[in-house]
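Accompanying notes for the structure given below.
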Amino acid sequence: MTDIAIIDYGMGNLHSVSKAFEYVAPSASIIVTSDPDEVRKATRVVFPGQGAMPNCMKEMDARGLRDAVVESALNKPFLGICIGLQMLFEKSEEGDVKGLGILSGQIRRFPSASMIDAEGQKLKVPHMGWNQVCQSNNHPMWKGIAKDERFYFVHSYFVDASDQKTVSAQSSYSFPFACAVAKNNIFAVQFHPEKSDAAGLTLLKNFVQWEPIFNC
Amino acid sequence: MGLAKRIIPCLDVTNGRVVKGVNFVALQDAGDPVEISRRYNEEGADELTFLDITASSDNRNLILHIIEEVAAQVFIPLTVGGGVRHVDDVRRLLNAGADKVSINTSAIMNPQLVADAADKYGAQCIVVAIDAKQVGGTNTEPMKWEVFTHGGRKSTGLDVIEWAKKMQLLGAGEILLTSMDRDGTREGFNLPLTRAVSDALDIPVIASGGVGNLNHLAEGVLQGHADAVLAASIFHYGEYTVCEAKEYMRKQGIEVRL
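Line by line, the protein sequences are chains A and B.
Just so you know, numbering that gives the first Met the number 0 puts 174 at position 175 of the first sequence, and the rest follows in order with no gaps.
Just so you know, numbering that gives the first Met the number 0 puts 151 at position 152 of the second sequence, and the rest follows in order with no gaps.
Have a look at this one:
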């Protein structure tokens, strides 16, 4: 029985994600897989992603993983990371590509030309580094994590969620944006918990222990 | 409150050991890379950069083992540079646990490598390292910054700002900018250079070369407009901890992760 399946669709570096889970859950069985059946058999599913979203969608489909991803996102503890968060939404400005449409909202690009901080200084894109994650609810995934803890980000596109009830935390970069979303058994984050030192490891540990409540 | 400015300790690694020299010569042993990485992580380093300066290709794989070992116990972003020539080298480093790969000389020999690597693995993991040196500044020749290779010995004729813009266009996610005039001198960053490059780009710029005290780090951000500051020797010999550096920067009004 696999405890945690990390979905591998050939995009980006899954080594960090699996290493971090091995560190927080040394006795769990953790696999990195591109086999839809292995994903279906796992108790928990992690959906990471790096690079460009159109490529990610294409590579996921090329491996026949779409159905297994959608099913997992509806019936078991599911953690999306970075592009794995963005792909859950309806549509992205990146290559004008359609997402999985499990969550409602769009993915938009940070407008490089008009990005400034409170002092009027230019902000760079990608948004890269440690930013504050301000929690907007008491989700079990935040257990043991300070309300405005810093996590490591690297992205040029952000989530514009249609349903504010799904936003579990916000971050600010020129303007506030959703950096964590939660709905039933789904928890998905824009930042990289696997690269966010102690706070990130706490979040991953919370995921290993999380028992979502399903709303019928 | 928002994005913090990053402090990045840099580890120059050769034959499996961390070393430090002045202007890339006169290398001295500075310790075990895994042990040093762990210490920097505990002190609050925001990222770590490893520069593999191993000359012989026989010992190239040593860096992969080091990265594997560090990545299994240090959970902050790791950048590795040195000897990256092909997209395949990028893949091997990422698989070993690197989060970003820094490309220097090969970007000059073959700019398409930057585009190919960014296309395949995403711009977020491609750092282009630029070694800059001031040239001209005489009555007949105006001052400018030129891209150098081979530890500052070989001129390329490329203008630093134009080159940085080209790298951004090809898909670099970040620029690691080293002043070869300052590297190892402990006189502080080349601030006009840092500022000119950072202001010309949309992507983040890491300032490098010349840090000798904590005020130099703060200057890099406040006057150089750097998004991150990199230093090696001030941390290696225990002169300052990363935590002290952050405290100092915070007192100068710079947002840091503490």
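We put the beta carbon where it would ideally sit given N, CA and C, even for glycine.
Asked	Found
Beta-carbon contacts of F88 of chain A that lie in its chain and below 6 Å, excluding the five residues immediately before and after	G98, L102, G104, I106
Contacting residues, own chain, Cβ-Cβ under 6 Å from I5 of chain A (five flanking each side not counted)	L13, V16, S17, V31, V45
Inter-residue Cα distance where the pair is Y39 of chain B and G63 of chain A	42 Å
Chain A residues whose Cβ lies nearer than 9 Å to that of F49 of chain B	Here the premise fails: no neighbours, minimum Cβ distance about 15 Å.
Closest residue to A122 of chain B among A:R65, A:A61, A:V132, A:Q49 (Cα-Cα distance)	A:Q49
Pick from B:V210, B:R37, B:P8 that is closest to G187 of chain B, judged by C-alpha positions	B:V210
Straight-line Cα distance separating R5 of chain B from D180 of chain B	23 Å
Interface residues of the stretch 71-83 of chain B facing chain A [CB-CB below 8 Å]	A71, Q72, F74, I75, P76
G1 of chain B versus I29 of chain A: straight-line alpha-carbon distance, rounded	34 Å
Cα-Cα separation between W209 of chain A and M10 of chain A, rounded to whole angstroms	26 Å
Residue range of the unbroken alpha helix (DSSP H) whose run includes I65 of chain B	60-70
DSSP-derived helix/strand/coil call for M127 of chain A	strand
Beta-carbon neighbours of R149 of chain A, restricted to chain B and to distances below 7 Å	A3, R256
Spatial distance of I160 of chain B from I66 of chain B (CA atoms)	32 Å
Cutoff 8 Å: D98 of chain B Cβ touching any chain A Cβ	yes
Proximity test, Cβ basis, 8 Å: E145 of chain B and chain A	no
As assigned by DSSP and simplified to three states, the class of L122 of chain A	coil
Q169 of chain A versus F109 of chain A: straight-line alpha-carbon distance, rounded	15 Å
Min CB distance D196 of chain A to chain B below 8 Å	yes
Outcome for D11 of chain B when other beta-carbon atoms lying within 10 angstroms are tallied against a minimum of 16	buried
Short CB-CB distance (under 8 Å) between G50 of chain A and chain B	yes
Chain B residues whose Cβ lies nearer than 8 Å to that of W129 of chain A	L2, A3, R5, D45, R256
Closest by C-alpha distance to P35 of chain A, when choosing among A:D66, A:P25, A:K146, A:T42	A:D66
Beta carbon proximity, S167 of chain A to chain B, threshold 8 Å	no
For G80 of chain B: DSSP bridge partner residues	B:L50, B:S101
Cβ distance (whole Å) where I129 of chain B is taken to contact A163 of chain B below 8 Å	6 Å
Outcome for S26 of chain A when other beta-carbon atoms lying within 10 angstroms are tallied against a minimum of 16	exposed
Other residues of its chain near A44 of chain B: CB distance less than 6 Å, five sequence neighbours each side excluded	P8, V241
Which of helix, strand or coil DSSP assigns to F206 of chain A	helix
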